[in-house]
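Structure record follows, encoded as structure tokens.
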Amino acid sequence: MHFFPGMAGAKGVRGQGLRERQMPSQADARKGRGNVHALQVRPYQLLCAVCRTGEGRGGELLEAVGEAPDRPLRIVCNAGDVYAYQDPGTGEDTPEGADYNRKRDLDILQRMSWPPGIVLPARTAFMMLMERIVTVEGICGYETVTGEGWQGCAKAGSGYYEAGRAKGIGAIIPPRSEEEMQEEKVRSVRALEEAEEVSIRPHILMCAVCQYGGGVRPPYPPDNLPELLQIILNRKPDLRIRMARGADWMMCSPCLARVPKLNACVNVLGSGGLSNEKRDLDMLQKLGLHFGSVMGATDLFRLIFEKIPTTADICKREGSVSPSCWWDGCGESNVTAGNANYEKGRRELMEVMSAK
Ligand code: SF4
Ligand code: SF4
52 MHFFPGMAGA KGVRGQGLRE RQMPSQADAR KGRGNVHALQ VRPYQLLCAV
102 CRTGEGRGGE LLEAVGEAPD RPLRIVCNAG DVYAYQDPGT GEDTPEGADY
152 NRKRDLDILQ RMSWPPGIVL PARTAFMMLM ERIVTVEGIC GYETVTGEGW
202 QGCAKAGSGY YEAGRAKGIG AIIPPRSEEE MQEEKVRSVR ALEEAEEVSI
252 RPHILMCAVC QYGGGVRPPY PPDNLPELLQ IILNRKPDLR IRMARGADWM
302 MCSPCLARVP KLNACVNVLG SGGLSNEKRD LDMLQKLGLH FGSVMGATDL
352 FRLIFEKIPT TADICKREGS VSPSCWWDGC GESNVTAGNA NYEKGRRELM
402 EVMSAK
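Okay, so the sequence shown: first residue is 52 according to the numbering used here, each after it adds one.
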């Protein structure tokens, strides 16, 4: 459980109202990198940051997120009632008035289904926000001005937010460069070809079967799974496979969704690694294995094929509707049926492996 101290001691960020708090990140904790700073922001400040990208301007929050895209944001507002513990006060209110500021923040949180005080990785917060909130009309400005203090923000009808949203997350957090990913592909495939032991996050062994059933064969730029299967099938049936946590370098290094510094997966809405960690654990439990377990490749695939005839149990995400940190396309499609490519790939690979 994390314990947040009171406002006293919160540190301002270059005088623009964002506040920092020391929070441990799991990735950093695993790697012994100590604490990272959580930025305290108001919900409206997230919208304003998108507005600024549409207007072609930078800003303090955009700069902070650009420097550390997966840093935690603590999203606070003056909610009162039983949520008063996280109320930040009115110091960061914009000039339109306290009630307008309260309503605007609550409108945003309600649309997002976020509780006041929620902490999210910045990338996830922005991606979810831009997915759900398509316009600031009705949030930052109103069709009818009903009285003093309800005029809304002068930029609400400017189209800046909508233009910023149209630019996408890449305008806030630049993607990995093609050059870097290609270099990583070459380096990791070379390492894979020479390796006696390969580390891999467990459930993507199933993704490898889906890919195989779908006809994917090397060279495959986005990940090294087809290359791994080719090595196992043609040269090294007993290659040692070690179950690893996170977006491990050997398989995931060329992937657009990998954050090398954190060994993290940020696919889907920036939180793909969360759902994937659960898939890894669901799969390990079914196989009776653990992170750190090592098995020969062919024996491991035989065990997977025996215990996991369909992807449905591992991959489906019932009740996770986008935008949610648990939603992804595989989770949604597996609710009704397992991936047909897995079933096809499983049959084909069982045949190929039993002929060896
Ligand atoms: S259905 Fe499951 S195993 Fe197949 S690609 Fe999707 S996440 Fe991977
Ligand atoms: S980084 Fe994520 S999306 Fe990319 S290969 Fe690894 S687990 Fe899959």
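Note that beta-carbon positions come from the ideal geometry of N, C-alpha and C, so glycine has one too.
Keep in mind that this is a model prediction, so the values were computed, not measured.
For a quick check, are the C-beta atoms of residue i and residue j less than 8 Å apart?
| i | j | result |
| --- | --- | --- |
| Val101 | Gly203 | no |
| Glu261 | Gly370 | The sequence given here places Cys at residue 261; Glu does not occur at that position. No. Outside cutoff. |
| Lys358 | Leu338 | yes |
| Ser326 | Asp364 | no |
| Cys128 | Pro166 | no |
| Val187 | Leu98 | yes |
| Leu354 | Met301 | no |
| Arg125 | His88 | no |
| Pro277 | Arg268 | yes |
| Ser250 | Ala308 | no |
| Gly347 | Asp289 | yes |
| Cys316 | Thr175 | no |
Alpha carbon to alpha carbon, what distance is there between residue j and residue i?
| i | j | result |
| --- | --- | --- |
| Leu279 | Arg238 | 14 Å |
| Phe177 | Pro374 | 11 Å |
| Thr255 | His341 | The amino acid at residue 255 is misidentified as Thr; the sequence shows Ile. Whole-angstrom Cα-Cα distance: 15 Å. |
| Ala222 | Tyr151 | 29 Å |
| Glu394 | Thr361 | 6 Å |
| Val345 | Ile283 | 15 Å |
| Gln137 | Val92 | 11 Å |
| Ala388 | Gly323 | 21 Å |
| Leu335 | Asp156 | 42 Å |
| Pro226 | Met181 | 17 Å |
| Pro139 | Gly131 | 10 Å |
| Gly189 | Asp158 | 9 Å |
| Gln161 | Ala217 | 22 Å |
| Thr197 | Gln96 | 24 Å |
| Phe352 | Met401 | 9 Å |
| Val116 | Ala173 | 7 Å |
| Asn318 | Met179 | 12 Å |
| Glu230 | Ala391 | 34 Å |
Looking at residue i and ligand 1, is the gap between the Cβ and the nearest heavy atom below 7 Å?
| i | result |
| --- | --- |
| Tyr271 | no |
| Cys204 | no |
| Cys366 | yes |
| Tyr134 | no |
| Thr387 | no |
| Met334 | no |
When every heavy atom of ligand 2 is checked, does at least one fall within less than 7 Å of the C-beta of residue i?
| i | result |
| --- | --- |
| Asp274 | yes |
| Ala308 | yes |
| Ala246 | no |
| Gly323 | yes |
| Ala149 | no |
| Met302 | yes |
| Ile184 | no |
| Asn318 | yes |
Taking the alpha-carbon of residue i as reference, which of the options has the nearest alpha-carbon?
| i | options | result |
| --- | --- | --- |
| Ile224 | Met294, Met404, Gly321 and Arg268 | Gly321 |
| Lys206 | Cys381, Glu147 and Gln281 | Glu147 |
| Ser164 | Thr145, Ala173 and Ile184 | Ile184 |
| Val240 | Gly264, Asp274 and Arg122 | Asp274 |
| Arg291 | Cys303, Thr349 and Ala308 | Thr349 |
| Gly208 | Val317, Gly105 and Ile282 | Gly105 |
| Asp333 | Val319, Val403, Asn318 and Arg252 | Arg252 |
| Met232 | Arg108, Cys366, Gly142 and Pro305 | Pro305 |
| Met257 | Leu307, Gly168, Gly347 and Cys366 | Cys366 |
| Cys191 | Met181, Met179, Tyr212 and Leu180 | Tyr212 |
| Glu114 | Leu351, Ala130, Leu90 and Gln137 | Leu90 |
| Lys329 | Leu351, Pro272 and Gly382 | Gly382 |
| Cys303 | Arg103, Gly343 and Lys236 | Lys236 |
| Glu248 | Val386, Arg293, Leu351 and Ala391 | Arg293 |
| Gly297 | Gly266, Asp331, Gln281 and Pro272 | Asp331 |
| Val386 | Leu351, Glu111 and Arg368 | Arg368 |
| Val133 | Pro120, Ala246, Glu234 and Gly168 | Gly168 |
| Ala149 | Ala406, Gly117, Gly200 and Val403 | Gly200 |
| Tyr193 | Pro172, Leu351, Lys154 and Gly266 | Lys154 |
How is residue i classed by DSSP in three states: helix, strand or coil?
| i | result |
| --- | --- |
| Gly192 | strand |
| Glu248 | strand |
| Leu351 | helix |
| Val317 | coil |
| Asn86 | Because Asn86 carries a pLDDT of 48, less than 50, the predicted location of this residue cannot be relied on, and the following value inherits that uncertainty. Asn86 falls in the strand class under three-state DSSP. |
| Asp79 | Caution applies to Asp79, whose pLDDT of 49 falls short of 50 and renders its modelled position unreliable; the model cannot decide the point. |
| Ile359 | coil |
| Gln91 | strand |
| Arg286 | coil |
| Arg268 | coil |
| Pro277 | helix |
| Arg125 | strand |
| Val260 | helix |
| Val101 | helix |
| Val187 | coil |
| Arg368 | coil |
| Lys407 | coil |
| Leu171 | strand |
Flag residue i as yes if its beta-carbon sits less than 8 Å from any beta-carbon of chain B, otherwise no.
| i | result |
| --- | --- |
| Ile224 | Annotation note: the requested chain B is absent from the structure, which comprises a single protein chain. |
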